[in-house]
Structures are given as structure tokens and as C-alpha cells.
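Visitor: Here it is, the structure, as C-alpha cells.
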Amino acid sequence: MPGTARFPTSGVTCDRLVNRSTESSRLAVTITGVKYETVIGLEVHAQLLTQSKMFCACPCPSLQSLPNSTVCPVCLGMPGVLPVINRRAVELTIMTGLALNCQIPDEAKFDRKNYHYPDLMKGYQISQYDLPLCRDGWLEIDVQGRTQRIGITRVHLE
């Protein structure tokens, strides 16, 4: 198709793309002469060390816990139960957001995302996307003696 840029599938290696990159190392030129901007996104997960689970008062299971001993109707997703957010988890998330220079909005929202995975017996996950606890932050790192700012889209709980 005219105007459609694609990476050739034969003979192009990362080394060749890097060797043809511009001075700023932000744009790479392929064999076809088309410029591409390298964008790398990371999704980083962390398990918070809290006393209880995220949406109920059940203690967090340990390796010593007996199977099915730290569950309640909320954990099981029983009809009519209402989850309660773990206050300490929210505090830790906001502290992380502040360390990453994020904006902390006045309101945040949790959504129920439905999944049909064999390891997700409830069939849903409570998560944030539209209104996370922290958003639009950044982290500065040193890259070959120069400071580079890395954007942070959001820090949220699920």
C-alpha cells in the first residue's frame, strides 16, 4: 500500500537499525529509508506488603497458610458482597506516585474487568484505568552521562 511503512523481514537486525540511527538516537532509519521512532513501554507490577488483601479484610496468605484458609465471600466474588479498599495499599501507591513525580488527582475510580481465564475463578478483576490514583509522572535516569526523563503514564492498583 502506498504510504505504509513496514520493516523488511529479511536482513535487518537490531545492530543495523542502531547503526543507522540519527544523532539523537531517537529515530532509526531502516533499509527502506523510512524513519521510525523507537518507543518502549514497560508495565511493571509490584506486590505490596500489606497485612490484608486488597479488597477485603482477609489476611494475606503465606507459604504456611492452609489451602482455602484465608478466603471470605468478597474473595470468592459471591453475589451481593461489596469490596472495601485496603487503605494501606492506597497510601503505598500514592507514596510511589509522589516518588515518581506524578499528579495525585482528587478522585480515583476502580472498574470491574471481566475475564474468562481458568486461573481467575471469579471471572473478573477489579482494576483502575480511566482514573488511577497517580498519573502523568516522570523519572529521571542517567544515560551515558546525560539525564533522560522517562514518562510515567499511571500508577494504579488492581
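For the sequence shown, numbering that gives the first Met the number 0 gives the first residue as 0, with consecutive numbering after it.
We put the beta carbon where it would ideally sit given N, CA and C, even for glycine.
All of these numbers come straight from a predicted model, not from anything done at the bench.
What span of residues does the beta strand (DSSP E) with V142 cover, start to end?
Guide: C133 to V142
Visitor: Who are the near neighbours of N100 in its chain, counting only those whose CB is closer than 6 Å to its CB and skipping five residues on each side?
Guide: G136 and W137
Visitor: Alpha carbons only, please: which of N113, I84 and Y35 is nearest the one belonging to V57?
Guide: Before going further, note that residue 57 is Cys rather than Val in the sequence given. Cα-wise, what sits closest to C57 is I84.
Visitor: Between C55 and P82, which are expected to be in contact by the criterion C-beta below 8 Å, what is the C-beta distance as a whole number of angstroms?
Guide: 6 Å
Visitor: Which residues mark the beginning and the end of the alpha helix (DSSP H) in which E90 is found?
Guide: R86 to A98
Visitor: Given a cut-off of 7 Å on the beta-carbon distance, is the pair R153 and P131 in contact?
Guide: yes
Visitor: What residues in its chain sit with their C-beta under 7 Å from that of A88, if we drop five residues either side in the sequence?
Guide: So the qualifying residues of the chain are L47, T49, M53 and L156.
Visitor: Tell me whether the beta-carbon of R111 lies closer than 7 Å to the beta-carbon of Y123.
Guide: In this structure, R111 places its C-beta atom within 7 Å of the C-beta atom of Y123.
Visitor: Run through DSSP, which three-state label would P117 get?
Guide: coil
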